[in-house]
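K.L.:
This is the structure, below, for whatever I ask next.
Shown next as structure tokens:
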């Protein structure tokens, strides 16, 4: 039951990301994405190959249905899926992976969860912004965009994680 | 156990790379800016790869290139000496004075050289089978290297110019006085031009040439640049000379032999 609830929430968040990508374009300095935290919060029992494919498919879907570049979100999100277990190991320790437990703010603390989000969000943004600029923007612009997007992304991701947790608790 | 863990990891890595490649392919097909950027990156990468391999190829063929250059250098030197002799002949014919010409040239390679003694020597890879004779000079385009002392079938032993027993006749400037040029015994490229008369005017920076009086070396080979001078015994100048020849890197040389040496030495007897 819990499993189905997570996937329902995942689909809803994917739709939310589509809306963000299509309508949240107030400034070129902020690129808001909740895709990294969505991949981060996929249950650990899900096979890593499946996680890679899920990231690829999610990224591609957002690229396809929003006004983005086809392949850009997929390119940035697949490394997040590949590094997800390593991030969890670094932040929460080996036990979480060994027991195949899912993390949450309540059980692991907001600091650790924020750290994990920062890591995946940063990885995603570095690739996204670097490839998106394609050498046509200055390093300073990219840096400001990265920092602004990271702050905004982490805040929105914390809210997203909370929504995912409450959805799966139901 | 390790192998069991390694295989899934490798497959996972392969899937990851495959998905990234698919993403890049899609980007390449759908985004003009990214396509140009990726093409530039790919070209840059290929340029680096080709550049490195080309550099390696150049480096590995350096020995052969050096040999070719030495051969070319030898031919040019031969032509230069030939033209110089022709010029001298024209000049001296007018003066009705016998000219000194006719040097035989043989290219050779230094196979051993000593540089840290007071009596340095070198060994060449040519001997009498190749036409090398004793009392021949050894030169490069940068000046004088030494004098052949003994010859075997395929090798020649020579005294280096960096030998306190060796002196060669040298001239200051194009028409200046001649003196004896000897190694200063200290510096790798240092020499002293002795016995220059006090009345002879000279400027620091003047080029020092072989005079041709020694019979071992053709005249007009540039040897070095004159520096400071000091008066010796109130009678002559001793001038410091910075040699053009770098003895640390000397490898390909030309052996010069005066064909008229025996005839001229016969007069001296």
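Protein chains in written order, with my numbering: chain A, 27 to 196; chain B, 714 to 982. Where a beta carbon is used, it is the ideal one built from N, C-alpha and C, also for glycine. This one's a predicted model, so the numbers in the text were calculated from it and none came from an experiment.
Tell me which residue opens and which closes the alpha helix (DSSP H) that residue 146 of chain A is part of.
P.N.:
Along the first chain, one-based indexing puts residue 146 of chain A at 120. First-last of the alpha helix (DSSP H) with residue 146 of chain A: 136-159.
K.L.:
Counting only beta-carbon separations shorter than 9 Å, does residue 105 of chain A have a partner in chain B?
P.N.:
Stepping through the first chain from its first residue, residue 105 of chain A is reached at position 79. At least one chain B Cβ lies under 9 Å of residue 105 of chain A.
K.L.:
Candidates B/836, B/896, B/931 and B/915: which alpha carbon is nearest residue 797 of chain B's?
P.N.:
In the second chain, counting from the first residue as 1, residue 797 of chain B sits at position 84. Nearest C-alpha to residue 797 of chain B: B/931.
K.L.:
In the DSSP assignment, find the beta strand (DSSP E) that holds residue 205 of chain A and state where it starts and stops.
P.N.:
No answer is possible for residue 205 of chain A: it lies beyond the span of chain A, which begins at 27 and ends at 196.
K.L.:
Chain A partners of residue 720 of chain B, CB-CB under 7 Å?
P.N.:
Mapped onto the second chain, residue 720 of chain B falls at position 7. For residue 720 of chain B, no chain A residue has a C-beta closer than 7 Å to its own C-beta; the minimum C-beta separation is roughly 13 Å.
K.L.:
From residue 897 of chain B to residue 907 of chain B, what distance separates their C-alpha atoms?
P.N.:
For this step, residue 897 of chain B is matched to residue 184 along the second chain. For this step, residue 907 of chain B is matched to residue 194 along the second chain. Going from the Cα of residue 897 of chain B to the Cα of residue 907 of chain B covers about 11 Å.
K.L.:
What are the residues of the region 131-159 of chain A that lie near chain B, defined by any Cβ-Cβ distance shorter than 7 Å?
P.N.:
157
K.L.:
Compile a chain-ordered list of the residues in the region 960-981 of chain B whose CB is closer than 7 Å to at least one CB of chain A.
P.N.:
none
K.L.:
Kindly confirm or deny that the region 781-799 of chain B and the region 959-968 of chain B touch, where touching means at least three C-beta pairs closer than 8 Å.
P.N.:
With the cut-off at 8 Å, the region 781-799 of chain B and the region 959-968 of chain B touch.
K.L.:
Cα separation between residue 892 of chain B and residue 883 of chain B?
P.N.:
Indexing the second chain from 1 puts residue 892 of chain B at position 179. Indexing the second chain from 1 puts residue 883 of chain B at position 170. Spanning the two alpha carbons is a distance of roughly 5 Å.
K.L.:
Helix, strand or coil for residue 85 of chain A per DSSP?
P.N.:
The residue labelled residue 85 of chain A in the question sits at position 59 within the first chain. Three-state result, residue 85 of chain A: helix.
K.L.:
When the cut-off is 9 Å and only beta carbons count, does residue 740 of chain B lie next to chain A?
P.N.:
Stepping through the second chain from its first residue, residue 740 of chain B is reached at position 27. Yes, because at least one Cβ of chain A sits closer than 9 Å to the Cβ of residue 740 of chain B.
K.L.:
Under 7 Å Cβ-Cβ, which residues of chain A neighbour residue 744 of chain B?
P.N.:
Working through the second chain from its first residue, we reach residue 744 of chain B at position 31. The answer, in chain order, is 95.
K.L.:
Assuming residue 844 of chain B and residue 865 of chain B make a contact with CB atoms under 8 Å, what is their CB distance in whole Å?
P.N.:
Looking up residue 844 of chain B in the second chain gives position 131. Looking up residue 865 of chain B in the second chain gives position 152. Not really, about 13 Å apart at Cβ, beyond 8 Å.
K.L.:
Applying the criterion that 16 or more other CB atoms from any shown protein chain within 10 Å of the CB defines a buried residue, is residue 59 of chain A buried or exposed?
P.N.:
Within the first chain, the letter at position 33 stands for residue 59 of chain A. With 16 or more other Cβ atoms within 10 Å, it is buried.
K.L.:
Only counting the same chain, and skipping five residues up and downstream in sequence, which positions put a Cβ closer than 8 Å to that of residue 836 of chain B?
P.N.:
What you label residue 836 of chain B is simply residue 123 of the second chain in a count that begins at 1. Only 823, 824, 825, 826, 868, 869, 870 and 871 meet the Cβ criterion.
K.L.:
Which of the three DSSP states, helix, strand or coil, is assigned to residue 977 of chain B?
P.N.:
On the second chain, residue 977 of chain B is found 264 positions in, with the first residue counted as 1. Residue 977 of chain B: helix per DSSP, three-state reduction.
K.L.:
Smallest Cα separation from residue 46 of chain A: which of A/190, A/183 and A/121?
P.N.:
Your numbering for residue 46 of chain A matches position 20 in the first chain. Cα-wise, what sits closest to residue 46 of chain A is A/183.
K.L.:
Between residue 863 of chain B and residue 838 of chain B, is the Cβ-Cβ spacing less than 9 Å?
P.N.:
Residue 863 of chain B sits at position 150 when you count from the first residue of the second chain. Residue 838 of chain B sits at position 125 when you count from the first residue of the second chain. Cβ atoms of residue 863 of chain B and residue 838 of chain B: not closer than 9 Å.
K.L.:
Given that residue 171 of chain A touches chain C, what residues does it touch there, using C-beta distances under 7 Å?
P.N.:
Given the protein chain composition of this structure (A and B), no chain C is represented.
K.L.:
Determine, for residue 758 of chain B, whether the minimum Cβ-Cβ distance to residues of chain A falls below 9 Å.
P.N.:
Position 45 of the second chain, counted from the first residue, corresponds to residue 758 of chain B. No, because no Cβ of chain A sits closer than 9 Å to the Cβ of residue 758 of chain B.
K.L.:
In terms of alpha-carbon separation, which member of A/124, A/181, A/163 and A/171 lies closest to residue 750 of chain B?
P.N.:
As a working note, residue 750 of chain B is residue 37 in the second chain. Minimum Cα distance to residue 750 of chain B is reached at A/163.
K.L.:
Counting only beta-carbon atoms, is residue 725 of chain B nearer than 9 Å to chain A?
P.N.:
Position 12 of the second chain, counted from the first residue, corresponds to residue 725 of chain B. Closer than 9 Å to some Cβ of chain A, the Cβ of residue 725 of chain B qualifies, so yes.
K.L.:
Can you tell me which of the three DSSP states residue 68 of chain A falls into?
P.N.:
Numbered from 1 along the first chain, position 42 holds the residue referred to as residue 68 of chain A. Three-state DSSP puts residue 68 of chain A in coil, outside helix and strand.
K.L.:
So is residue 755 of chain B in contact with chain A if we call contact Cβ pairs under 9 Å?
P.N.:
By 1-based counting over the second chain, the position of residue 755 of chain B is 42. It does not; no Cβ of chain A falls within 9 Å.
K.L.:
Compute the Euclidean distance between the alpha carbons of residue 38 of chain A and residue 190 of chain A, then round it to the nearest angstrom.
P.N.:
By one-based count along the first chain, residue 38 of chain A stands at place 12. By one-based count along the first chain, residue 190 of chain A stands at place 164. Distance between the alpha carbons of residue 38 of chain A and residue 190 of chain A is about 10 Å.
K.L.:
Closest to residue 84 of chain A by C-alpha separation, out of A/54, A/63 and A/70, would be which residue?
P.N.:
What you label residue 84 of chain A is simply residue 58 of the first chain in a count that begins at 1. It is A/63 whose Cα lies nearest to the Cα of residue 84 of chain A.
K.L.:
Count the other CB atoms within 10 Å of the CB of residue 771 of chain B; is the residue buried (16 or more) or exposed (fewer)?
P.N.:
Position 58 of the second chain, counting from 1, holds the residue named residue 771 of chain B. Exposed, since its Cβ has fewer than 16 Cβ neighbours within 10 Å.
K.L.:
Taking 9 Å as the CB-CB limit, is residue 187 of chain A close to chain B?
P.N.:
Here the question's residue 187 of chain A lines up with position 161 in the first chain. No, because no Cβ of chain B sits closer than 9 Å to the Cβ of residue 187 of chain A.
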